[in-house]
Amino acid sequence: MKPPSTIYYLPSWLALFSSAFSETPPGPNAIRLSNVQTLTLHAHRMTWYRRVSPIHQLKCVGPSSVCRLYEVDSMRCTNQGYDYDEEDIQWTCTASLPPEFKLGSTDVICEGYRDAEDKWVLKGSCGVEYRLLLTEKGEERYGRRLRYTSKSSSTTASESENDWLATYLFAFIFICIAVVILYFVCYGENGRGNRPGQRGNNNRGGGDDDDPPPPYDYQYQSQRKRSGSGPGFWTGAAAGSAAGYTMGRRHNRQQAERETNAGTSSSSRRYDLDRDEPRPSRNFSPTRVNTGFGSTRRR
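This is how it looks when you write it as structure tokens:
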């Protein structure tokens, strides 16, 4: 029997070389997540980076009102295996939280070494995006305040929109009045200006029948001056009304805000929910270990 030729073994050799090549790291600090058993992440620390910008090791992604109440200091994630792809790792993450809070989803985000689809990731580039939720005890302590803050924000936005609408409407009316006044000023002066010309062309040298007797010229001129000052008065009055209306609305809104702030409790001021930065965690009950679950994403 004739032995098989070299070409017969070529596909097997290619498969062997391809497998060996895929197991070779594409560069320094390139690792497989399937070989990572645990990750420990800390707040206020950044990840390593190579292709893209670094991210925070721990980032709360919502709800934003709850994220402002408490900040997780550290978190430990454990590899729980994979679903369909060997590198699509599922994670269990634990953190110490007060009984008012609990962890939601905890997704691990890592930087692909060559691109976002690469199975190899950069060592030290992983961070966690977690959701922070309220427990029943947290709802009892913070639920009413969060609902009040949400209602106040929507009310303020509605009032601001109404103020702008009223301001624009009043400005439109003011412009219309100003245009009408200017129209009568221009055409009214032109109409009265024709009379002296007609009187000058009179061969008799006398005045019109409508002119007052000579002893009353001063009074007649004074009446004309007073009538000419009318449009300026009404224009100023309309402008003053518009400015006064706008300032009044602004004053009322500021007064309402001051009354709202004065009515809040000291604990509400201590945890200012309108600020974007998380407040330090304090005055909470003793912490306990809490668990969240998540998958893997690459960036």
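Residues -22 to -1, 1 to 277, numbered by mature numbering (1 follows the signal peptide of the UniProt record, and there is no 0), are exactly what the sequence shown covers, in order. The beta-carbon is built from N, C-alpha and C at its ideal position, and this holds for glycine as well. In this text the structure is predicted, and so the values were computed from the model without any measurement.
Would you call T269 buried or exposed, if buried means 16 or more other Cβ atoms sit within 10 Å of its Cβ?
-> exposed
In three-state DSSP terms, what is Y62?
-> Here Y62 sits in coil by DSSP.
Whole-angstrom distance between I155 and T145, CA atom to CA atom = 15 Å
Apart from the five residues on each side of it in sequence, which residues of its chain come closer than 8 Å, Cβ to Cβ, to P174?
-> Summary for P174: the model assigns pLDDT 49, below 50, so the residue's position carries little reliability; its value from the coordinates is reported in the next sentence. Exclusion of the five residues before and after P174 leaves no residue of its chain whose Cβ lies closer than 8 Å to its Cβ.
Determine the direct distance from the alpha carbon of L111 to that of V44, and round the result to whole angstroms.
-> Those two C-alpha atoms are separated by around 7 Å.
Nonlocal neighbours in the same chain, by C-beta distance under 7 Å from residue 319, ignoring five residues either side = The shown model of the chain, from -22 to 277, leaves out residue 319, and the question about it has no answer.
Which stretch, first to last residue, makes up the beta strand (DSSP E) that contains V99?
-> 98 to 100
What does Y108 pair with, by DSSP beta-bridge criteria?
-> For Y108, which the question treats as bridged, DSSP gives the partners C38, T84.
Which stretch, first to last residue, makes up the beta strand (DSSP E) that contains H20?
-> 16 to 20
Endpoints, the beta strand (DSSP E) within which T269 is located = 266 to 272
Nonlocal neighbours in the same chain, by C-beta distance under 6 Å from I67, ignoring five residues either side | Result list for I67: L11, N57, Y60, T274, in chain order.
Inspect the CB distances between the region 23 to 35 and the region 71 to 81 and report whether three or more fall short of 8 Å.
-> The count of Cβ pairs closer than 8 Å, one atom from the region 23 to 35 and one from the region 71 to 81, stays below three, leaving the stretches out of contact.
Reducing DSSP to helix, strand and coil, say where S31 ends up.
-> coil
What distance in whole Å lies between the Cβ atoms of Y108 and V14, which are believed to be in contact at a cut-off of 8 Å?
-> Actually they do not touch by this definition, with Cβ atoms about 18 Å apart.
May I ask which residues mark the beginning and end of the beta strand (DSSP E) holding A8?
-> 8 to 10
Starting from the C-beta of V267, find all residues in its chain whose C-beta is less than 7 Å away, skip the five residues before and the five after it, and write them out in chain order.
-> Apart from sequence neighbours up to five positions away, the residues of its chain that approach V267 with a beta-carbon distance below 7 Å are T72, S74, ordered along the chain.
Report, in whole angstroms, the separation of the C-beta atoms of V86 and M53, which I expect to be a contact under 8 Å.
-> Between M53 and V86 the Cβ distance is about 10 Å, and since that is not below 8 Å, they are no contact.
N-terminal and C-terminal residue of the beta strand (DSSP E) that S74 is part of | For S74, the enclosing beta strand (DSSP E) covers residues 67 to 75.
Expressed to the nearest angstrom, what Euclidean distance is found between the alpha-carbon atoms of P264 and R276?
-> 35 Å
Put F262 into one of helix, strand or coil per three-state DSSP.
-> coil
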